[in-house]
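Numbering (full-length UniProt numbering), first residue to last: 1 to 321.
Backbone N, C-alpha and C define an ideal beta-carbon position, used for all residues, glycine too.
Following: one structure in structure tokens, then a few remarks.
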């Protein structure tokens, strides 16, 4: 019971520091800003695809072609994969642009707001944000040399457990609050789309169904926790903020995917199973490995990072305690 209380006290102290330091507020502002940028882009996409449809419709109509018959005719698609690019050739451009405009008008409707937000944030921004958050959780005590003072109140393993639980809590609430705020902003933007585009003419098209919404949420939260653990471990190993940040940014942004067992490739394998990428962001096509291997390896890496952190901090605790 005493041990649990010490962990909980460390947990509360860590949360208080993060709140008072405005770290969480800053991250929340950044994530909402990025999300709003994407949602605004979806409005532009809806308007742009509708304008293209109207232009295509009028061009064929002016050429004396029965465009109403074209709208009722099916489309034959010839899809070719060229590296990471997917090329689509169609024999009915009017119907094709009609369907594209209809699909774009639904991207800001209901749970599609959340799905498009996750597609936008999960694979570029969340990894960076939560890795840096994990590094920050560890490195600030090294920077201000407060670890020796903290281990007076609690042993090293208790301090670490409190930090880790606080990191998970902050990650969870940043994730949830970002999605809630994004949903509210998305509803506003959807009203703008409704006012600018006569979406009732697309009522004959099938609605976009999101049958994997819960899986998308769970996997996205896993990505956030996974990269926060990467940052946490890097902070422990390097005992600073700048160096591990540079290393991660170089690896994540500058280096290409290093084979099928690269973390980024394994995440992409799972992502293409649960996301359709119909919005502004399209994830690269990964090198194939079985889905179950990607899941098992990512879970194993997560467990390994936690175990490695505990082991390394246990060794440090012998010195500090």
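query: The stretch 202–220 / the stretch 51–63 touching (three or more Cβ pairs under 8 Å); result: no
query: Per DSSP, cross-strand counterpart(s) of residue 78; result: 89
query: DSSP state of residue 99 mapped onto helix, strand, coil; result: helix
query: C-beta atoms of residue 143 and residue 241 nearer than 8 Å; result: yes
query: Reduced DSSP secondary structure (H/G/I, E/B, other) of residue 196; result: helix
query: Pair within 8 Å by beta-carbon distance, residue 49 and residue 210; result: no
query: Beta-carbon spacing of residue 172, residue 235 below 8 Å; result: no
query: Alpha-carbon to alpha-carbon, residue 237 and residue 4; result: 26 Å
query: Selected residue, minimal CA-CA separation from residue 266, among 177, 67, 123; result: 123
query: Enclosing alpha helix (DSSP H) for residue 57 [first to last residue]; result: 23–62
query: Whole-angstrom C-beta distance between residue 28 and residue 178, which should lie under 8 Å; result: 7 Å
query: Best match in 10, 249, 119, 102 for proximity to residue 71 [C-alpha to C-alpha]; result: 102
query: Cα-Cα separation, residue 39 to residue 31; result: 12 Å
query: DSSP three-state assignment for residue 260, whether helix, strand or coil; result: coil
query: Proximity winner among 169, 230, 88, relative to residue 12 (alpha-carbon distances); result: 169
query: Residue from 43, 254, 232, 233 whose Cα sits closest to the Cα of residue 186; result: 43
query: For residue 139, the nearest candidate out of 214, 253, 233 (CA to CA); result: 233
query: Helix, strand or coil at residue 309 [DSSP, three-state]; result: helix
query: Cα-Cα separation, residue 227 to residue 134; result: 8 Å
query: Cβ neighbour criterion (16 or more within 10 Å) applied to residue 158; result: buried
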